[in-house]
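Under the working numbering, the first residue of the sequence shown carries the number 1261, and numbering increases by one thereafter.
Built from N, CA and C at the ideal position, the CB exists for glycine as well.
Note that the structure is predicted; figures quoted are calculated from it, not measured.
Notes follow the structure.
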Amino acid sequence: MNNIEMCFFGIDELTDYEMEQFTEEALFAQDVLLNKRGPGAEFTGWVDLPVNYDKEEFARIKKAAEKIRSDSKALVVCGIGGSYLGAAAALDFLKGGMYNLKCADGSDLQIFFAGNNMNATYIKTILDLVKDKDFSLNVISKSGTTMETSISFRIFRKALEDKYGKEEAAERIYATTDKEKGALKTLADKEGYETFVVPDDIGGRYSVLTAVGLLPIAAAGCDIDQLMEGAAAMREELTSMAEEKEDDEELIVSDVVGYAALRQQLYSWDKFIEIFESYDPDLKMFSEWLKQLFGESEGKDGYGIFPASLTFTTDLHSMGQMIQDGERNIFETIIEIKPTKDVLGIPAFEEDFDGFKYLEGKNVDWLNLQAMAGTCQAHSDGDVPQILFRVPERSEFYLGQLFYFFEYACGISAYVEGVNPFNQPGVETYKKNIKEILAKYKK
Ligand code: PA5
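If you want it as structure tokens, here you go:
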């Protein structure tokens, strides 16, 4: 089977000595991660998750997904941050960003993400889109007390209860939350909602391969067995290379260690913005997931590479100038998915009205690849280091590999930086402040 390949461009001045220094630090950080010796080690359950998950719950997830697919035309998922980004990334990646439009005729389940903002128009639009259809609700919150999620949940719970009555509504509500504590768990037990668990040892942004991501992904009809298998294959590759360490005095460095080392090397050169890029709009949400993963894990104690994201060629026409010619403080991490077949050819006309007649008959994806080659060259010339991941195909298996690879890379990189990758004190501060501001309205 083909693997995800990593290569880089525009990093010529890297000396062996410098690279070795960061590589050794990354290898050490990997050891710390795998042996649970670092800060936040109690939240590293995701490391073994692909081979060590609750099989009974996994079967229940598949069953619930089947039920949702059979009794609903839409699923509303209420969650924010780590409680929605993984599923949203997966659905766009696997089904295409326009999947809801494709099945608006009722041919498949539509999935809407609410609970990730407090904009009335956004929430009302989803409400209007689902209210005349059979729909179900998956509320996801580890803490059970996140305001955005709770507010949307109230709105859609009310809509469900008004439509079906309390009893049937309860059969259409699925709660993914802490296994025993919190407001949502208490309510779910009282109302008889089916519940799924966010494990104690896995934080929000590392939870896509738990019920948090798996239920919406399975409900969309995607193959979650393959997703887990992909993650397990990547885990096997990375952890077995971690055990080998040295061979004939040469360091054995997996791509994940190489990537983590390189990011920190670039950061030490004041490249403090990492732009996650792809040439495929269906990867936009995957980049959002990456931004949260790295941003919340590394942005601490006055340190951290700032994660940004762009989709090309679209954003070359807005941000291309800045990348090519602005302050030299950025590097790019590009994800390329190999196009599998010729999807769309460029049509022929008699006259050459736009000067592009010579491209007639070529595939649009081929053209996209040429644009990528030209852009990579231009950005190398503009002194922008680039790290490229080539993914052999767009499938559940490779998505599982990608999720696992970047979680693992993030854990190592944050340890090299010297911060706890698994807490989020800054997010907690905002949550606490908003509740304090609202406290005066309590009766
Ligand atoms: O990664 C994280 O921990 C956060 O982004 C949380 O996922 C987010 O704040 C939502 O929290 P909860 O699942 O408790 O509602």
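Where residue i falls, given that 16 or more other Cβ within 10 Å makes a residue buried
i	result
D1540	buried
D1352	buried
G1366	exposed
Q1684	buried
E1427	exposed
E1611	exposed
Q1646	buried
G1562	exposed
K1296	exposed
D1463	With the sequence shown as reference, residue 1463 is identified as Gly, and Asp is not the correct amino acid for it. With 16 or more Cβ atoms within 10 Å of its Cβ, G1463 is classed as buried.
E1548	buried
Q1630	exposed
F1613	exposed
L1604	exposed
T1446	exposed
I1697	exposed
P1607	exposed
Opening and closing residue of the beta strand (DSSP E) in which residue i lies
i	result
N1398	F1395 to S1401
Q1684	No beta strand (DSSP E) holds Q1684; DSSP gives it neither H nor E.
F1591	I1590 to I1597
E1454	E1454 to V1457
V1651	Q1646 to V1651
T1436	I1433 to T1437
A1440	Residue identity check: residue 1440 is Glu in the sequence provided, not Ala. It is not in any beta strand (DSSP E) - E1440 carries neither H nor E in the DSSP assignment.
E1587	From DSSP, E1587 is part of no beta strand (DSSP E); its letter is neither H nor E.
E1534	I1533 to S1538
C1338	A1334 to C1338
L1225	No statement about residue 1225 is possible, as the shown extent of the chain runs from 1261 to 1703 and does not include it.
I1371	Q1370 to A1374
F1566	F1566 to T1571
For residue j and residue i, believed in contact at Cβ under 8 angstroms, the rounded distance
i	j	result
A1301	M1545	That belief does not hold up - the Cβ atoms of A1301 and M1545 are roughly 29 angstroms apart, past 8 angstroms.
E1596	R1650	5 angstroms
S1401	T1437	6 angstroms
E1688	C1482	No, E1688 and C1482 are not in contact; Cβ-Cβ is about 32 angstroms, not under 8 angstroms.
G1555	P1567	5 angstroms
E1534	R1523	7 angstroms
I1386	V1336	6 angstroms
Terminal residues of the alpha helix (DSSP H) in which residue i lies
i	result
V1390	A1380 to V1390
Q1359	Note that residue 1359 corresponds to Tyr in the displayed sequence, not to Gln. Segment Y1359 to K1362, the alpha helix (DSSP H) holding Y1359.
A1471	A1471 to A1479
L1526	D1515 to S1528
T1253	Because the chain here runs from 1261 to 1703, residue 1253 falls outside it and cannot be looked at.
E1265	No alpha helix (DSSP H) holds E1265; the beta strand (DSSP E) holding it covers E1265 to F1269.
F1318	K1315 to D1331
L1576	L1576 -> no alpha helix (DSSP H), and no H or E assigned at all.
V1676	E1656 to E1677
D1352	L1345 to K1355
L1550	K1544 to E1558
Three or more C-beta pairs below 8 angstroms linking the segment 1400-1416 and the segment 1314-1331
no
Can we say the segment 1336-1347 touches the segment 1494-1505, given the rule of at least three CB pairs closer than 8 angstroms?
no
Okay, do the segment 1287-1299 and the segment 1672-1689 touch, 3+ Cβ pairs below 8 angstroms being the bar?
Remark: three or more beta-carbon pairs, one from each stretch, lie closer than 8 angstroms, so the segment 1287-1299 and the segment 1672-1689 are flagged as touching.
Under 8 angstroms, with one C-beta from each stretch per pair, do the segment 1375-1383 and the segment 1578-1596 reach the 3-pair mark?
Taking 8 angstroms as the limit for Cβ pairs, the verdict is that the segment 1578-1596 does not touch the segment 1375-1383.
So, does the segment 1628-1636 touch the segment 1467-1477, judging by three or more C-beta pairs under 8 angstroms?
no
With a threshold of 8 angstroms, are at least 3 pairs of Cβ atoms found where one atom belongs to the segment 1482-1489 and the other to the segment 1416-1433?
no
Looking at C-beta atoms only, is the number of pairs between the segment 1445-1457 and the segment 1314-1321 that lie closer than 8 angstroms three or more?
yes
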